[in-house]
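Chains as they are written, first to last, in the numbering used here: chain A, 22 to 248; chain B, 9 to 427.
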Amino acid sequence: MRKKGEPIMRLENVSKVYTMGEEKVYALNGINLDIHEGDLASVLGPSGSGKSTLLNMLGLLDPPSAGSIFLDGIETTRLSEKGLAGVRGKKIGFIFQMFNLIPSLTVLQNVMLPAVIYESDPVKTRQKATEILGKIGMGDRLSHFPNQLSGGQRQRVAIARSLINDPEIILADEPTGNLDSKTGAEVLGMFKKLNDEGKTIIIVTHDLHVAKITKRTIRVVDGKILK
Amino acid sequence: MLTQQDRAKCDDMKTADVISYSVNSLSHRQTRFWLTILGVVIGIASVVALLTLGQAFNAEVGKQLSSLNGNTIYVVPIAESALQSGSVSPSMGYSSKLTENDAQRLKKIPEITDISRVIERRATVSYKDVNLTTTIDGIEPAVFQKVSSIEVAEGRFLLDSDHHALGIGGTAAESMFGTDKPVAVNSYIAINGVKYRVIGILKKTGGTFGSDLDNGMFVTYSDAQEIFANSIGRNEMDTIALAVPEDADMKGAVESIKAEMDASHKVKPDERDYSVIDPEFIAQSVGAVLGLITVFLGAIAGISLIVGGLAISTSMFTSVIERTQEIGVLKAVGATSSDIMKIFLFEAGALGLAGGVMGTALGLALVFIGGYFGLPVQVDVGIAAFGVMFAFVVGLLSGYFPAQRAARLSPVEAFRYDK
Chain A
22 MRKKGEPIMR
32 LENVSKVYTM
42 GEEKVYALNG
52 INLDIHEGDL
62 ASVLGPSGSG
72 KSTLLNMLGL
82 LDPPSAGSIF
92 LDGIETTRLS
102 EKGLAGVRGK
112 KIGFIFQMFN
122 LIPSLTVLQN
132 VMLPAVIYES
142 DPVKTRQKAT
152 EILGKIGMGD
162 RLSHFPNQLS
172 GGQRQRVAIA
182 RSLINDPEII
192 LADEPTGNLD
202 SKTGAEVLGM
212 FKKLNDEGKT
222 IIIVTHDLHV
232 AKITKRTIRV
242 VDGKILK
Chain B
9 MLTQQDRAKC
19 DDMKTADVIS
29 YSVNSLSHRQ
39 TRFWLTILGV
49 VIGIASVVAL
59 LTLGQAFNAE
69 VGKQLSSLNG
79 NTIYVVPIAE
89 SALQSGSVSP
99 SMGYSSKLTE
109 NDAQRLKKIP
119 EITDISRVIE
129 RRATVSYKDV
139 NLTTTIDGIE
149 PAVFQKVSSI
159 EVAEGRFLLD
169 SDHHALGIGG
179 TAAESMFGTD
189 KPVAVNSYIA
199 INGVKYRVIG
209 ILKKTGGTFG
219 SDLDNGMFVT
229 YSDAQEIFAN
239 SIGRNEMDTI
249 ALAVPEDADM
259 KGAVESIKAE
269 MDASHKVKPD
279 ERDYSVIDPE
289 FIAQSVGAVL
299 GLITVFLGAI
309 AGISLIVGGL
319 AISTSMFTSV
329 IERTQEIGVL
339 KAVGATSSDI
349 MKIFLFEAGA
359 LGLAGGVMGT
369 ALGLALVFIG
379 GYFGLPVQVD
389 VGIAAFGVMF
399 AFVVGLLSGY
409 FPAQRAARLS
419 PVEAFRYDK
């Protein structure tokens, strides 16, 4: 259990090594990182710097080759595949560059999905999803399918989906990468607002404009965090 | 905070949610859905139609067999071992002899009500310049009529007192000597050069088992003895037909007959040079052949089912590849590998099930259409249920490997795909 003042997420000496033939490539090399409650951080770095690998570690999508990752005081590297899936569903909200909505589900169903997997009460889930979608201006698109929405609308739905389980951390991978500048600015405004409401948000980007709105910038170069 | 419940969670998605997700997914890809299940529909339709027809034929044959006087037992001069092993049929020739002595002994068995001796041999017959060789049955008219449900269409049936008279089957009369030379009552047919007057033409039975009455030519037993004097002894015969009452113990009667025959021929049970053919033996032999044909046809239809299964498998593999990122999202938002497995497995099973339901309906429709054209119709709920369940299982099996592949994808691999 996390003690007061301790970070929500802590990475201790985390490395990720890929073997290419006989050569070992360090995508991450001995990273130490604390994410505190209420952080609004951007992870910046050029292509191949390791920022996507870092996002995978933070999202518990990929196990580290070495080191420990603590989420809410629990060492996640000791969790089973099922346990990890549960923690991801409940504690982490994901937002992707390509939105990654499920094409066969409506807007409402897409938003409800993480809660449905988490065995929540379907009536409450529906109410909550409708409420969140209303707040982000998608209340009149509940029964639309993703292919009937614009890029900006899809990203709003993705944001709503990331919020449905009240996660501890929201991880966004290039969330404005596929949006025009105006829509991108709107989406960033939403992140700012969510952070003001207390959400911890980490945005992986190579866009310096995005980094400007965050409280903290984590620079990754050659698999290491620049101090 | 990570609660105990969180850690313990991750039970899998509820079945209802898996079903709902899969149904959504399938209904979103309707064109592929229909194309995929087409193979299963055709496969199951063929299996159901062929099995149903096979069963209807069996029932029809059973009906025909029962119309062939289910109370008649035949004794033929063919070794029992040869007949049972299927290495000979009664029409292939005889390995021993039945004698008047046998007939007299059998007559004494209490269960036997009538006994009819038959000489059945091939002879040359001539009618209006047409010569051919055919089988002539020498019968005892009065008893033969009792043991073989004969009806006369024209003229009358033979009498025991008839001499050089002949009864002819309906089909034989119509076409044996050519359709332009039908045989009429009171015309003459020469058998081995001796003229026989046609005294009656039999009604067609349509039956194809047992003695073929429709294609037969019948003379009295004494005339047959005269015709075949060179090839069969005065006291010999080719078949003894025995009638037992309807309520008689058929097995008991067969045992008594065998006991008498063993004593008469002085043979042990494993050396029997004759065979006793009871209705059950005929039914079993015919049933075995029909069963084999049904299985054979079912197996051919099964091949199209395998093709249908492959179609499901291919479609599911394609689906897994297309939906790689979707699998990544599902895993990111908390779905376990077993959830993913269930989703894809259910989709494959649903494809099979839908194909099975439609295929069974189509198969039965084909059977009814066949019925319209004279094929026997008999719907068996068991076959229909088997069709549906079989298709479901084919779907599940075909979907197993694609589903396993989907479940094993790591979220990172899934997101990296297509990027």
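Glycine included, each C-beta is placed from N, C-alpha and C at the ideal position.
Residue 333 (chain B) touches chain A at which residues, Cβ-Cβ below 9 Å?
-> The answer, in chain order, is 117, 119, 121.
Hey, does residue 135 (chain A) have any beta-carbon neighbour from chain B nearer than 7 Å?
-> For residue 135 (chain A), the closest Cβ of chain B is nearer than 7 Å.
Is it true that the CB of residue 256 (chain B) sits closer than 7 Å to the CB of residue 159 (chain B)?
-> Between residue 159 (chain B) and residue 256 (chain B), the CB-CB gap reaches or exceeds 7 Å.
Pick out whichever of A:118, A:143, A:82, A:139 has its Cα sitting closest to the Cα of residue 178 (chain A).
-> Ranked by Cα distance from residue 178 (chain A), the options A:118, A:143, A:82, A:139 are led by A:118.
Closest Cβ-Cβ distance between residue 244 (chain A) and chain B: below 7 Å?
-> False, the Cβ-Cβ gap to chain B never drops below 7 Å.
Interface residues of chain A around residue 343 (chain B) at Cβ under 7 Å?
-> Simply 106, 138.
Coil, strand or helix - residue 408 (chain B) by DSSP = Residue state, collapsed to three classes: helix.
Distance between residue 410 (chain B) and residue 325 (chain B) (C-alpha atoms, nearest Å) = The alpha-carbon atoms of residue 325 (chain B) and residue 410 (chain B) are separated by roughly 5 Å.
The beta strand (DSSP E) with residue 249 (chain B) in it runs from where to where?
-> 247–251 is the extent of the beta strand (DSSP E) around residue 249 (chain B).
Counting along the chain, where does the beta strand (DSSP E) carrying residue 28 (chain B) start and finish?
-> Counting along the chain, residue 28 (chain B) falls outside any beta strand (DSSP E), though it belongs to the alpha helix (DSSP H) covering 23–36.
What three-state label does DSSP hand residue 186 (chain A) in the structure shown?
-> Residue state, collapsed to three classes: coil.
Rounded C-alpha distance that separates residue 180 (chain A) from residue 192 (chain A) | Taking the CA atoms as reference points, residue 180 (chain A) sits about 10 Å from residue 192 (chain A).
Starting from residue 110 (chain A), find everything on chain B with Cβ-Cβ shorter than 7 Å and list it in chain order.
-> Those are 341, 342, listed as they occur along chain B.
Scan the region 294–382 of chain B and note each continuous alpha helix (DSSP H) run of 4 residues or more that stays entirely inside, going in chain order.
-> Complete alpha helix (DSSP H) runs here, min 4: 332–340, 345–380.
Residue 114 (chain B) burial status per 10 Å Cβ neighbour count (16 or more: buried) | Around the CB of residue 114 (chain B), 16 or more other CB atoms lie within 10 Å, so the residue is classed as buried.
Candidates B:187, B:171, B:240, of which the one nearest residue 226 (chain B) by Cα | Distance check between residue 226 (chain B) and each of B:187, B:171, B:240 places B:171 closest, using alpha-carbon atoms only.
Mind checking which residues open and close the beta strand (DSSP E) that includes residue 224 (chain A)?
-> From DSSP, the beta strand (DSSP E) with residue 224 (chain A) extends over 221–226.
Please classify residue 40 (chain A): does DSSP put it in a helix, a strand, or coil?
-> Strand, per DSSP.
Identify, in the order they occur along the chain, each residue of the same chain with its Cβ nearer than 8 Å to the Cβ of residue 372 (chain B), setting aside the five sequence neighbours on each side.
-> Non-local C-beta neighbours of residue 372 (chain B) in its own chain, meaning closer than 8 Å and more than five positions away in sequence, comprise 56, 57, 60, 387, 392, ordered along the chain.
Determine the burial state of residue 66 (chain A): buried for a count of at least 16 other Cβ atoms within 10 Å of its Cβ, exposed for fewer.
-> So residue 66 (chain A) counts as buried.
Nearest to residue 406 (chain B) by alpha carbon, out of B:320, B:274, B:62?
-> Closest by alpha carbon: B:320.
Residue 56 (chain B) versus chain A: which residues are under 7 Å apart at the beta carbon?
-> Contact annotation for residue 56 (chain B) against chain A: no contact, minimum CB-CB distance about 31 Å [criterion: below 7 Å].
Any C-beta of chain B under 7 Å from that of residue 83 (chain A) = Closer than 7 Å to some Cβ of chain B, the Cβ of residue 83 (chain A) qualifies, so yes.
Where the beta strand (DSSP E) through residue 173 (chain B) begins and ends = For residue 173 (chain B), the enclosing beta strand (DSSP E) covers residues 173–176.
Would residue 66 (chain B) count as contacting chain A if we go by Cβ distances under 7 Å?
-> Not closer than 7 Å to any Cβ of chain A, the Cβ of residue 66 (chain B) fails to qualify, so no.
Beta-carbon proximity check, residue 129 (chain B) vs residue 245 (chain B), cutoff 7 Å = Against a cut-off of 7 Å, the Cβ pair of residue 245 (chain B) and residue 129 (chain B) comes out as no contact.
What span of residues does the beta strand (DSSP E) with residue 198 (chain B) cover, start to end?
-> Start and end: 196–199.
Of the residues A:226, A:232, A:79, A:234, which one's Cα is nearest the Cα of residue 69 (chain A)?
-> The residue with the shortest Cα to Cα distance from residue 69 (chain A) is A:226.
Take residue 208 (chain A) and list the residues in its own chain whose beta-carbon comes closer than 8 Å to its own, dropping the five residues that flank it on each side.
-> Only residues of its own chain outside the window of five on either side were considered, and among them 173, 176, 177, 180, 196, 197, 200 have a CB closer than 8 Å to the CB of residue 208 (chain A), listed in chain order.
Reducing DSSP to helix, strand and coil, say where residue 109 (chain B) ends up.
-> For residue 109 (chain B), the three-state secondary structure derived from DSSP is helix.
Rounded C-alpha distance that separates residue 152 (chain B) from residue 280 (chain B) | Separation of residue 152 (chain B) and residue 280 (chain B) (C-alpha to C-alpha, rounded to the nearest whole angstrom) is 26 Å.
How is residue 90 (chain B) classed by DSSP in three states: helix, strand or coil?
-> In this structure, residue 90 (chain B) counts as helix in the three-state DSSP scheme.
Using a Cβ cut-off of 7 Å (strictly closer), state whether residue 384 (chain B) contacts chain A.
-> Any Cβ of chain A closer than 7 Å to the Cβ of residue 384 (chain B) would place that residue at the interface, and such an atom is absent.
Neighbour flag for residue 33 (chain B) against chain A, beta carbons, 7 Å = Among the residues facing chain A, residue 33 (chain B) is included, as its CB has a counterpart in that chain under 7 Å away.
Under 7 Å Cβ-Cβ, which residues of chain A neighbour residue 419 (chain B)?
-> Neighbours of residue 419 (chain B) in chain A, taken as residues whose beta carbon is under 7 Å from its own, are 82 in chain order.
For residue 220 (chain A), count neighbouring C-beta atoms within 10 Å of its own C-beta (all shown protein chains included) and say buried if the count is 16 or more, exposed if not.
-> Buried, because 16 or more other Cβ atoms sit within 10 Å of the Cβ of residue 220 (chain A).
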